[in-house]
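*Asks:* Sequential numbering of the sequence shown, starting at 1, is according to full-length UniProt numbering.
All C-beta atoms, glycine included, are put in the ideal place defined by N, C-alpha and C.
Note that this is a predicted model, so its numbers are computed, not measured.
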Amino acid sequence: MTGCQPFSETANVYTYAPNPTGWIDPLGLSNSYVPAPKDLPGFPDAVRVPPKTSIPGVPGKKRARWKEPKGCICEWDYQHGEVERYDKRGNHLGAFDPNSGDPIAGKGSVTNRRVEP
1 MTGCQPFSET
11 ANVYTYAPNP
21 TGWIDPLGLS
31 NSYVPAPKDL
41 PGFPDAVRVP
51 PKTSIPGVPG
61 KKRARWKEPK
71 GCICEWDYQH
81 GEVERYDKRG
91 NHLGAFDPNS
101 GDPIAGKGSV
111 TNRRVEP
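#1: Out of 50, 66, 98, point me to the one whose CA is closest to residue 81's CA.
#2: Apart from the five residues on each side of it in sequence, which residues of its chain come closer than 7 Å, Cβ to Cβ, to residue 108?
#3: If you check the beta carbons only, do residue 68 and residue 39 fall under 9 Å apart?
#4: To test your reading of the DSSP string, which unbroken beta strand (DSSP E) runs of 3 or more residues are found completely within the UniProt domain "Colicin E3-like ribonuclease" (34 to 115)?
#5: Give the straight-line distance between the Cα atoms of residue 41 and residue 35, rounded to the nearest whole angstrom.
#6: Can you say whether residue 49 is buried or exposed, counting buried as having 16 or more other CB atoms within 10 angstroms of its CB?
Okay, here's the thing in C-alpha cells:
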C-alpha cells in the first residue's frame, strides 16, 4: 500500500453484524402483545362474553373472555398468546394452547390465582 488511501482495496471483515438474538425477550419485558382471536379452535363450545379482568400495566384494557357450557372461563393471555383457564368459581386451572385445547407443559394451575367468575 502506498501513500494515504482512504479506502482499502480489500473487504473489511471486521464489520458489525446485526444482533441475532435481538428478537428474543428472555426476561419477558417486551411491551408487544399477541392479539386475541375471534374464537378458540381448541375450545369450540366456548362463547365470547364481556371481559372482567384488567391487564396489569395497561390502564383501561381487559382480557378477552370466553365461557364454556360447563361454566369454565377462558381468558386470553396477551403476553404469551395462550388461554388461561379457570373453573366456574374462578380458580386457575392452567395455561392451554388456543388451537388444540391441550395444557401447556410447565404451566399448570397456580393455587392463589383467581378471577371474578
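*Replies:* So, from the listed chains and residues:
#1: Reading the sequence shown from its first residue, position 81 is the one you call residue 81. In this structure, 98 is the residue among 50, 66, 98 with its C-alpha nearest to the C-alpha of residue 81.
#2: Locating residue 108 in the sequence shown gives position 108, counting from the first residue. Cβ neighbours of residue 108 beyond the five flanking positions: 94.
#3: Here residue 68 refers to the residue found at position 68 when the sequence shown is read from its first residue. Here residue 39 refers to the residue found at position 39 when the sequence shown is read from its first residue. Against a cut-off of 9 Å, the Cβ pair of residue 39 and residue 68 comes out as no contact.
#4: If we require 3 residues or more, the beta strand (DSSP E) runs fully inside the UniProt domain "Colicin E3-like ribonuclease" (34 to 115) come out as 47 to 49, 65 to 67, 73 to 77, 82 to 86, 92 to 96, 103 to 108.
#5: Reading the sequence shown from its first residue, position 41 is the one you call residue 41. Reading the sequence shown from its first residue, position 35 is the one you call residue 35. Straight-line Cα distance between these residues: approximately 15 Å.
#6: One-based indexing of the sequence shown puts residue 49 at position 49. Residue burial is scored here from C-beta neighbours: residue 49 has fewer than 16 other C-beta atoms within 10 angstroms and is therefore classed as exposed.
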